[in-house]
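Contents: one structure, followed by commentary.
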Amino acid sequence: MRWLGPLGVLAALLLMGLAAWQVYLSPRAIAEPSAPGPAPARAQRGILLDVREGESVTDIAERLQARGIIASSLQLRTLVALLGYEGLIQAGTYEFSAGSSALEVAQRLRHGRFATVVVRVIEGWSLAEIARAVEQAGAANALDFELAAVAGPYRSEFQFLEDLPPDSSLEGYLFPATYIFPRSVTPEEMVRAMLTKMDQVFTQEMRQEAMSRGLTMHDVLTLASIVEREVASPPERPIVAQVFLRRLRIGMPLEADPTVQYALAQNPLNVERYGFWKAPLTAQDLQVDSPYNTYRRRGLPPGPIASPGLDSIMAVIRPADTNYLYFVAKGDGTHAFAETLAEHLRNVAIYQP
């Protein structure tokens, strides 16, 4: 049986020779896309492929060829062997172009360059708007995301959620930012990432400073969400925050239009007709029966109405030092402020005749 040794070596050498010959015969197919013509297939994104844990290179290569991602499964297998990538392929969801090069595919599989989705959350968006953005990005169904955005599953991970009821919405707690997720992300993982960002941005020092003013994190986020929706000019945020804080101290209704808009948006028919933030509001709108209507109810609403950005959060924690109690929109994105009702009425006559 001693002759099997030399034969085995010879067979291995032959296989390596064939592999090298395959690369030599079609180097362009390995290094470049296989689709010819003026409009290369690499511009046509969107072919998703799930690579399973422990799946063989042969099976992966054959599925890639069957989907039209590569021209030849043999080319990919050859390249993976020559590069020493066997056993190093990472499981996950990938996005490829039709006619991708074998080299590009091999490197993606080796380094785990998974398919991603980008979810951009804008300051002042409500949870419903965030859910819509998640769905539009192709990350998850909007309803599934909203169902995942309740406090219960995350209270043990995030201390700032401990005082919320388990079924409480996470409205206002999902920090606005741009998030990049793998295609395989779940609604719960997205919510967790947004809560983690909030935990990082709203620091312990900020929470302690808020507590020194008699405000909980929930209070700050609630008022900051109103400021975020109310104010378009960043320099005015600390001023408007001070106005609302002063009204709270003296027991005066906040009378904030965004809270009425949010209350109206709880009815899907209103959203369908007017959008998430109805404008302008009518006198009848201001009478809507809702705990969020700060024209009819004193104090803060039950919770945030949107996701505030850092500037609005800081405006509540460090408000301006003024005696203003009133403000009116000037029509240019800014406001006229007043300390007395008489002065306020004069401003109204000027800017909203």
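Per the working numbering, the sequence shown starts with residue 2, numbered consecutively. Ideal Cβ positions, reconstructed from N, Cα and C, are used throughout, including at glycine. Since the model is a prediction, treat every value here as computed from it, not as a measurement.
Beta-carbon spacing of residue i, residue j below 9 Å
i	j	result
residue 155	residue 192	yes
residue 152	residue 143	no
residue 111	residue 86	yes
residue 149	residue 188	yes
residue 178	residue 122	yes
residue 90	residue 69	no
residue 306	residue 230	yes
residue 53	residue 116	no
residue 331	residue 339	no
residue 272	residue 289	no
residue 264	residue 321	no
residue 222	residue 300	no
Assigned secondary structure, residue i (DSSP; H/G/I helix, E/B strand, else coil)
i	result
residue 288	helix
residue 56	coil
residue 176	coil
residue 197	helix
residue 204	coil
residue 191	helix
residue 251	helix
residue 95	strand
residue 239	helix
residue 167	coil
residue 79	helix
residue 258	helix
residue 354	coil
residue 28	Low per-residue confidence applies at residue 28: pLDDT is 48, beneath 50, and the placement is therefore not dependable, though the value from the model is reported in the following sentence. Residue 28: helix per DSSP, three-state reduction.
residue 223	helix
residue 186	coil
residue 42	With a pLDDT of only 36 at residue 42, under the threshold of 50, the placement of this residue in the model should not be trusted, and no figure is reported.
residue 106	helix
residue 120	strand
residue 115	coil
residue 337	strand
residue 48	strand
residue 61	helix
Any C-beta of chain D under 9 Å from that of residue i
i	result
residue 296	No chain D appears in the structure shown, which is made up of a single protein chain.
Separation of residue j from residue i, as counted between CA atoms
i	j	result
residue 217	residue 161	9 Å
residue 341	residue 266	33 Å
residue 244	residue 327	7 Å
residue 303	residue 257	14 Å
residue 214	residue 165	21 Å
residue 200	residue 120	19 Å
residue 284	residue 343	22 Å
residue 196	residue 310	13 Å
residue 287	residue 295	9 Å
residue 292	residue 140	32 Å
residue 190	residue 345	48 Å
residue 56	residue 194	29 Å
residue 247	residue 118	43 Å
residue 88	residue 58	8 Å
residue 157	residue 167	11 Å
residue 329	residue 352	8 Å
residue 254	residue 325	15 Å
residue 333	residue 280	16 Å
residue 145	residue 169	16 Å
residue 252	residue 184	49 Å
residue 323	residue 50	59 Å
residue 308	residue 81	47 Å
residue 354	residue 277	27 Å
residue 269	residue 61	45 Å
residue 73	residue 97	15 Å
residue 220	residue 282	25 Å
residue 65	residue 206	52 Å
residue 136	residue 347	47 Å
residue 186	residue 138	12 Å
residue 209	residue 274	42 Å
residue 130	residue 259	15 Å
residue 335	residue 349	13 Å
Near the ligand HEM: residue i beta-carbon under 8 Å from a heavy atom
i	result
residue 115	This structure does not include the ligand HEM; it has no bound ligands of any sort.
- Task: Identify every run of the beta strand (DSSP E) within the segment 273-330, keeping only runs that are complete inside it and at least 3 residues long; order them along the chain.
- Result: 327-330
- Query: Are there three or more Cβ pairs, one per stretch, closer than 8 Å when the segment 86-105 is compared with the segment 126-137?
  - Reply: no
- Item | Segment contact flag, the segment 105-122 with the segment 65-85, C-beta cutoff 8 Å, min 3 pairs | Of all C-beta pairs linking the segment 105-122 to the segment 65-85, three or more are shorter than 8 Å, placing the two stretches in contact.
- Item | the segment 308-323 contacting the segment 228-243, beta-carbon criterion three pairs below 8 Å | yes
- Message: Can you confirm whether the segment 221-236 touches the segment 167-185 when touching is taken to mean that 3 or more C-beta pairs between the two stretches lie within less than 8 Å?
- Response: yes
- Entirely enclosed alpha helix (DSSP H) segments - the segment 122-157, minimum 4 residues: 128-137, 143-149
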